[in-house]
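If you're matching them up, the sequences are chains A and B in order.
In terms of our numbering, the first sequence opens at residue 113 and continues consecutively.
In terms of our numbering, the second sequence opens at residue 132 and continues consecutively.
In what follows, a structure is listed as structure tokens, so that the remarks can point back to it.
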Amino acid sequence: MGWYNKRLAKSIWVFHMSASPCNNCDIEILDLLTPKYDLERLGIKLVGSVRHADVILLSGVINNKVAPIVKKIYEQAAKPCFVVGVGACPASGCCFKESHNVDHKREETIPIDLYIPGCPPQPEAMIEGVAKLMGVLNA
Amino acid sequence: MKPEYLFYLLIFPGLLFTGTLGLVVGWVDRKVSARFQFRVGPPFLQNFNDFFKLLGKETILVKDGIHSLFVAAPFIAFAMLTLVSAMVGVALFFHIGFGADILVIMYLLMIYSIMVILGGASTGNVYSSLGAGREIKLLLADELVFILVCLVPIVKSGYALNLEAILAFQAADGSFIGSVSGVIAFIMGILCIQAKMTLPPFHIPEAETELVEGPLMEYSGPPLAFWKLNHMMMYVTFPFLLILLFLGGFSFTGLGLLWSVLNYLLIIVVMIIIKNTNPRVRIDTALNFFWKYAAPISFAALILAVLGV
């Protein structure tokens, strides 16, 4: 599937999923699409429906209320679909780690392929993360 | 059926040519739009990559939807557009008839809109149904203007309905854009195309920010790829139709070739400029615009055409 993976790497459509974030990473994600960074030159497009998505950008610690919704949305995505955890929350829980409303394992909700750490990560770091994903696909 | 008909339909003005040129012009659209926003824009082969990527994705059928309609709609719409571009292209490039006149083209283009409506409504999704409903209203809004615009060349060419007869009349008598009624109808035609292609400011059915692509929301994989391809193919079909009806077709000798390409690019760029400088209008604004202003102006153009101006 080398040929197909190369096409996939050049045309990544991202779906932005907010799983109870503090809204900080979301603002940084929107920065990616502004003229300064312009991810469209890499073929990356923000889509509104998860059915069209190749990558789900997940931000926020997944608390009890949104966990079933996150799971459902991931199941609705057309595969192959990768999940990128943006920020420290999906990776470690950040400052919400010991919260009363987070009492499940994140791995049981959604399989995350790539973490981009930072609170919030800089847009450059996110571009690097996506470029690594492309590198894996192109290999 | 003659064997060259298959060639017309599948290769030269039909499927292969329109699809490839459509994806290329779709790139022009994205690139120029990006430059409007001071961005760099996608690489040249972006739309091809998108198309082949979508072909390899999973197709998800909605549990409560009507599956046969859901899957058939994009392909029927694709077939209709291929047929229309073959008919228009054969008249433009070979100056012969393909067994169809302008009325058939109007009907086939309407079937395309109906396929969008059926495909969106067959999913059972609320947003898709809303998008399908808005598509119906938009069809009601722009169809009258489209018919009036198409009637102007018919009247001016001495009530000829065949595409090649309209072209032959313009070759002998000068393009219809040179007359008052022709100019008015041409401008109305561009606005009408904008609504038929659901480009901004008339992207009411597919409003990404409020209806998340409306009728296309539940589509994934190959059917979505064909919806995207259909949309790009309309960048070829509609400008070619306008060139045929008003600009006297293409010529392939010397500077005429350059002039033909410039005509096509001019229409595309005007559409992209309108697309990038206007926000989305509400559905009642669109209806108001088409019924209160565009339709009377087109009707005036038709009356002027009857009077021979």
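Every residue, glycine too, gets a C-beta built ideally from N, C-alpha and C.
message: For P173 of chain B, would you say it is in contact with chain A, using Cβ-to-Cβ distances shorter than 7 angstroms as the test?
response: In the second sequence, residue 173 of chain B corresponds to position 42, counting from 1. Closer than 7 angstroms to the CB of P173 of chain B there is at least one CB belonging to chain A.
task: Within the same chain, show all residues whose beta-carbon is closer than 7 angstroms to that of L355 of chain B, passing over the 5 residues directly before and after it, in chain order.
output: Mapped onto the second sequence, residue 355 of chain B falls at position 224. The beta carbon of L355 of chain B is closer than 7 angstroms to those of L185 and L347 in its chain, skipping five residues each way along the sequence.
- prompt: Count the other CB atoms within 10 Å of the CB of I139 of chain A; is the residue buried (16 or more) or exposed (fewer)?
  reply: Within the first sequence, the letter at position 27 stands for residue 139 of chain A. Answer is exposed; the Cβ neighbour count stays below 16.
- prompt: Based on the DSSP output, what are the partners of K157 of chain A in its beta bridges?
  reply: In the first sequence, counting from the first residue as 1, residue 157 of chain A sits at position 45. In DSSP, K157 of chain A forms a bridge with A:W125.
message: Determine, for I197 of chain B, whether the minimum Cβ-Cβ distance to residues of chain A falls below 7 angstroms.
response: Indexing the second sequence from 1 puts residue 197 of chain B at position 66. So no, I197 of chain B is outside the interface.
- request: Flag this pair as yes or no: are the beta carbons of G228 of chain B and N293 of chain B separated by less than 7 angstroms?
  value: The residue given as residue 228 of chain B occupies position 97 in the second sequence. The residue given as residue 293 of chain B occupies position 162 in the second sequence. Judged by their CB atoms, G228 of chain B and N293 of chain B are nearer to each other than the 7 angstroms cut-off.
query: Roughly how many angstroms lie between the CA atoms of I278 of chain B and D166 of chain A, to the nearest whole one?
result: Here residue 278 of chain B corresponds to residue number 147 of the second sequence, with the count starting at 1. Here residue 166 of chain A corresponds to residue number 54 of the first sequence, with the count starting at 1. Looking at the two C-alpha atoms, the distance is approximately 41 angstroms.
- prompt: So what's F277 of chain B in DSSP terms, helix, strand or just coil?
  reply: Position 146 of the second sequence, counting from 1, holds the residue named residue 277 of chain B. Helix, per DSSP.
query: Using CA coordinates, which residue listed in A:K177, A:S161 and A:S211 is at the minimum distance from A190 of chain A?
result: Taking the first residue of the first sequence as 1, we reach residue 190 of chain A at position 78. Minimum Cα distance to A190 of chain A is reached at A:S161.
query: Rounded to whole angstroms, how far is the Cβ of Y366 of chain B from the Cβ of V163 of chain B, which I believe are closer than 8 angstroms?
result: Stepping through the second sequence from its first residue, residue 366 of chain B is reached at position 235. Stepping through the second sequence from its first residue, residue 163 of chain B is reached at position 32. In this structure Y366 of chain B is not in contact with V163 of chain B, their Cβ atoms being roughly 12 angstroms apart against a cut-off of 8 angstroms.
Cβ neighbour criterion (16 or more within 10 Å) applied to K359 of chain B: Translated into the one-based positions of the second sequence, residue 359 of chain B becomes position 228. Counting the other Cβ atoms within 10 Å of the Cβ of K359 of chain B gives 16 or more, which makes it buried.
field: Closest residue to Q168 of chain B among B:L435, B:I404 and B:K423 (Cα-Cα distance)
entry: For the purposes of this step, residue 168 of chain B is taken as the residue at position 37 of the second sequence. When each option's Cα is compared against that of Q168 of chain B, the closest is B:I404.
query: Between G305 of chain B and V248 of chain A, what straight-line distance do the alpha-carbon atoms span, to the nearest angstrom?
result: Indexing the second sequence from 1 puts residue 305 of chain B at position 174. Indexing the first sequence from 1 puts residue 248 of chain A at position 136. If I take the Cα positions, the gap works out to 59 angstroms.
query: For the region 142-155 of chain A against the region 180-188 of chain A, are there 3 or more C-beta pairs whose distance is under 8 angstroms?
result: Fewer than three Cβ pairs drawn from the region 142-155 of chain A and the region 180-188 of chain A lie within less than 8 angstroms of each other, which leaves the two stretches out of contact.
- prompt: Any contact of the region 413-422 of chain B with the region 392-403 of chain B, i.e. 3+ C-beta pairs under 8 angstroms?
  reply: The region 413-422 of chain B vs the region 392-403 of chain B: no contact.
- request: Flag K184 of chain B as yes if its beta-carbon sits less than 7 angstroms from any beta-carbon of chain A, otherwise no.
  value: Taking the first residue of the second sequence as 1, we reach residue 184 of chain B at position 53. For K184 of chain B, the answer is yes, since a Cβ of chain A falls inside 7 angstroms of its Cβ.
message: Does the contact criterion of 3 or more C-beta pairs under 8 angstroms hold for the region 204-219 of chain B versus the region 368-383 of chain B?
response: Counting C-beta pairs closer than 8 angstroms gives three or more between the region 204-219 of chain B and the region 368-383 of chain B, which meets the contact rule.
task: Establish whether the CB of V343 of chain B and some CB of chain C are separated by less than 7 angstroms.
output: The structure shown contains no chain C; its protein chains are A and B.
message: Rounding to the nearest angstrom, what Cα-Cα distance links F131 of chain B and P235 of chain A in this structure?
response: In the structure as shown, chain B starts at 132 and stops at 440, and residue 131 of chain B therefore has no counterpart that could be examined.
query: Within the chosen definition, does the region 174-181 of chain A reach the region 145-152 of chain B through at least 3 CB pairs nearer than 8 angstroms?
result: The region 174-181 of chain A is not in contact with the region 145-152 of chain B.
field: Extent of the continuous alpha helix (DSSP H) to which L200 of chain B belongs
entry: Translated into the one-based positions of the second sequence, residue 200 of chain B becomes position 69. Looking at the DSSP string, the run of the alpha helix (DSSP H) that includes L200 of chain B is H198 to F225.
- prompt: Is the shortest distance between the beta-carbon of S351 of chain B and the beta-carbons of chain A less than 7 angstroms?
  reply: Taking the second sequence and counting its residues from 1, the one referred to as residue 351 of chain B is at position 220. Yes, because at least one Cβ of chain A sits closer than 7 angstroms to the Cβ of S351 of chain B.
query: So which residues of chain B does R163 of chain A contact, with C-beta pairs closer than 8 angstroms?
result: Locating residue 163 of chain A in the first sequence gives position 51, where the first residue counts as 1. Ordered by position in chain B, the residues that pass the 8 angstroms Cβ test against R163 of chain A are I191, M348, E349, Y350, S351 and L355.
- prompt: For K148 of chain A, is the classification buried or exposed, using 16 other Cβ atoms within 10 angstroms of its Cβ as the cut-off for buried?
  reply: For the purposes of this step, residue 148 of chain A is taken as the residue at position 36 of the first sequence. Burial call: exposed.
- prompt: Given M246 of chain B, which residues of its chain have a CB within under 6 angstroms of its CB, disregarding the five upstream and five downstream residues?
  reply: Along the second sequence, read from residue 1 onward, the residue named residue 246 of chain B stands at position 115. Correct list, in chain order: A204, I207 and A208.
- prompt: When we look at the beta-carbon of A302 of chain B and count the other beta-carbons within 10 Å, is it buried (16 or more) or exposed?
  reply: The sequence position of residue 302 of chain B within the second sequence is 171, counting from 1. By the beta-carbon neighbour count (other beta carbons within 10 angstroms, threshold 16), A302 of chain B is exposed.
C-alpha distance - C275 of chain A paired with C231 of chain A, whole-angstrom precision: Because residue 275 of chain A is not part of the residues shown, which for chain A are 113 to 251, the question remains open.
message: Between D160 of chain B and chain A, is the shortest Cβ-Cβ distance under 7 angstroms, so that the two count as touching?
response: Mapped onto the second sequence, residue 160 of chain B falls at position 29. D160 of chain B does not count as touching chain A.
Any C-beta of chain A under 7 angstroms from that of G255 of chain B: As a working mapping, residue 255 of chain B is identified with position 124 in the second sequence. Interface with chain A (7 angstroms Cβ-Cβ cutoff): G255 of chain B is excluded.
task: Would you list, in sequence order, the uninterrupted alpha helix (DSSP H) runs of no fewer than 4 residues that lie entirely inside the region 363-411 of chain B?
output: Secondary structure in the region 363-411 of chain B: the alpha helix (DSSP H) runs of 4 residues or longer, each lying completely within the stretch, are 386-408 in chain order.
task: Examine the Cβ distances between the region 330-349 of chain B and the region 379-394 of chain B and report whether three or more of them are shorter than 8 angstroms.
output: No: fewer than three Cβ pairs fall under 8 angstroms.
task: Please name the residue, chosen from A:D215, A:S132, A:R163 and A:G114, that lies closest to G197 of chain A on a Cα-to-Cα basis.
output: As a working mapping, residue 197 of chain A is identified with position 85 in the first sequence. When only C-alpha atoms are compared, the closest one is A:S132.
message: Less than 7 angstroms between CB atoms is the rule here; does E236 of chain A satisfy it with respect to chain B?
response: On the first sequence, position 124 is the one that residue 236 of chain A refers to. No, no contact with chain B.
message: Beta-carbon within less than 6 angstroms of W125 of chain A's beta-carbon, same chain only, minus the 5 sequence neighbours each way: which residues are those?
response: Numbered from its first residue, the first sequence carries residue 125 of chain A at position 13. Cβ within range, chain order: K157, V159, H164, A165 and D166.
task: Determine whether the Cβ of E152 of chain A lies closer than 7 angstroms to any Cβ atom of chain B.
output: By one-based count along the first sequence, residue 152 of chain A stands at place 40. At least one chain B Cβ lies under 7 angstroms of E152 of chain A.
query: Where does Y227 of chain A fall in DSSP's three states?
result: Counting from 1 along the first sequence, the entry for residue 227 of chain A is found at position 115. In this structure, DSSP gives Y227 of chain A an extended state, which the three-state scheme calls strand.
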